[in-house]
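First residue of the sequence shown? That's -13 in this note's numbering, and the numbers climb one at a time after it.
In this text, a Cβ means the ideal position worked out from N, Cα and C, and glycines have one as well.
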Amino acid sequence: MRQVKVQIKINPGQINRPSAIRKEALKAAGLPDDKNISTRVLRRSIDARSRKPHFVLQVVIGDPETVEPQESVFTPLPLNGKQVVIAGAGPAGYFAALTLLEQGIKPIIIERGRTVNDRRKDLKRIYTEGLINPDSNYCFGEGGAGTYSDGKLYTRATKRGNVGRILDLLIANGAPGDIRIDAHPHLGSNVLPRIVSKMRDDIIACGGEIHFNTRVDSFLLDGNRMSGVVTGDNEIKADAVILATGHSARDIFHALADQDITVEAKPFALGVRIEHPQPLIDKIFYHQS
């Protein structure tokens, strides 16, 4: 049968009952409860505009082989001899590495900071001793800036590509499955470190390299092509270089300018954190005191 998508309302008391969700979805689609028909929740949000909040679900209905999620979301190929240097072990760097491995290309990640677990120790020293490690802090280190500050899974980009695959990769590395369907998915700083560690293990197991406590000082150029990087006294040659440094690595931008490498300006978002007491938020969103 062809796939059918329906939108249904579910009371909070039924949200953890798959049978109730299936029943409402089939009813909305006008279909019988046939064992050869599968249902899967695609999206979940809360409508708290009325005095009785409820969940709004988007559900897909169809044959099991088309509705059920794929078992494997990461399929690396044998390395083909090509290699790419990636500056930065944040989300952009790690997902770039996984994508390269699926093409049989070896990623070599250069990260100025420390591993995600060692980084936690440096963060503790910031608020207990007032000491800041310039290369391992809230901005720098494995996992990127969001690992120990927030962890929202959100993008403002209009051409986002296959966001679902990114969520599936996170789930495969230990993230809760709810992020695949929640309207505003979130991974806290208590969950992200182990996900990041698992991704690192996968990259290394597939033949990639990750070098921590290592800075990219300058770039190797072959005419108008970037052919590698210089880290201290070492040169690492590559077929291409990916700069996944985030916007705080000013030394990288100076290095690009020093070597007359063209850089295109790009807008970025500036976030402001405003905290409110939890009871106030509950009252505003859920009409509860």
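Cβ-based burial, residue i [other Cβ within 10 Å; buried from 16]
{"i": "Tyr80", "result": "buried"}
{"i": "Gly75", "result": "It is worth fixing the name first, because residue 75 is Ala in this sequence and not Gly. Ala75 comes out buried."}
{"i": "Glu261", "result": "exposed"}
{"i": "Ile196", "result": "buried"}
{"i": "Leu155", "result": "buried"}
{"i": "Gln245", "result": "exposed"}
{"i": "Tyr113", "result": "exposed"}
{"i": "Thr248", "result": "exposed"}
{"i": "Val149", "result": "exposed"}
{"i": "Ile91", "result": "buried"}
{"i": "Asp208", "result": "exposed"}
Selected residue, minimal CA-CA separation from residue i, among the options
{"i": "Thr52", "options": "Asp188, Lys13 and Lys(-9)", "result": "Lys(-9)"}
{"i": "Lys252", "options": "Arg259, Gly232 and Pro265", "result": "Gly232"}
{"i": "Asn103", "options": "Ala161, Arg180 and Gln44", "result": "Arg180"}
{"i": "Glu221", "options": "Glu250, Pro93 and Ser204", "result": "Ser204"}
{"i": "Met185", "options": "Asp164, Leu139, Gly160 and Arg166", "result": "Gly160"}
{"i": "Pro93", "options": "Glu250, Ile190 and Asn199", "result": "Ile190"}
{"i": "Gly174", "options": "Gln0, Thr133, Asn210 and Arg211", "result": "Thr133"}
{"i": "Lys(-5)", "options": "Ala11, Ala34, Val42 and Ser5", "result": "Val42"}
{"i": "Thr200", "options": "Asp225, Ile238 and Leu178", "result": "Ile238"}
{"i": "Val177", "options": "Leu117, Pro162 and Pro4", "result": "Pro162"}
DSSP-derived helix/strand/coil call for residue i
{"i": "Leu207", "result": "strand"}
{"i": "Glu88", "result": "coil"}
{"i": "Gln44", "result": "strand"}
{"i": "Leu229", "result": "strand"}
{"i": "Lys68", "result": "coil"}
{"i": "Val202", "result": "coil"}
{"i": "Pro93", "result": "strand"}
{"i": "Ala73", "result": "strand"}
{"i": "Val149", "result": "helix"}
{"i": "Thr25", "result": "strand"}
Residues near residue i by beta carbon distance below 6 Å, same chain, minus five either side
{"i": "Gly127", "result": "Gly99, Arg100 and Arg105"}
{"i": "Ser122", "result": "Gly99, Arg100, Arg105 and Asp108"}
{"i": "Phe229", "result": "Contrary to the premise, residue 229 reads as Leu rather than Phe in this sequence. Excluding positions up to five away in sequence, the list reads Ala73."}
{"i": "Cys192", "result": "Pro62 and Leu87"}
Cut-off 8 Å between Cβ atoms - residues of its own chain near residue i, not counting five sequence neighbours on either side
{"i": "Glu276", "result": "Residue 276 is absent from the model: the chain starts at -13 and stops at 275."}
{"i": "Ile165", "result": "Leu139, Leu153, Leu156, Ile157, Pro171, His172 and Leu173"}
Test item: CB-CB of residue i and residue j under 7 Å
{"i": "Leu340", "j": "Pro62", "result": "With the chain represented from -13 up to 275, any question about residue 340 goes unanswered, as that position is not in the structure."}
{"i": "Gly48", "j": "Gln(-11)", "result": "yes"}
{"i": "Asp168", "j": "Arg30", "result": "yes"}
{"i": "Val215", "j": "Val71", "result": "yes"}
Cβ-heavy atom distance, residue i to the ligand ZN, below 6 Å
{"i": "Ala73", "result": "Ligands are entirely absent from the displayed structure, and the ligand ZN is therefore not among its contents."}
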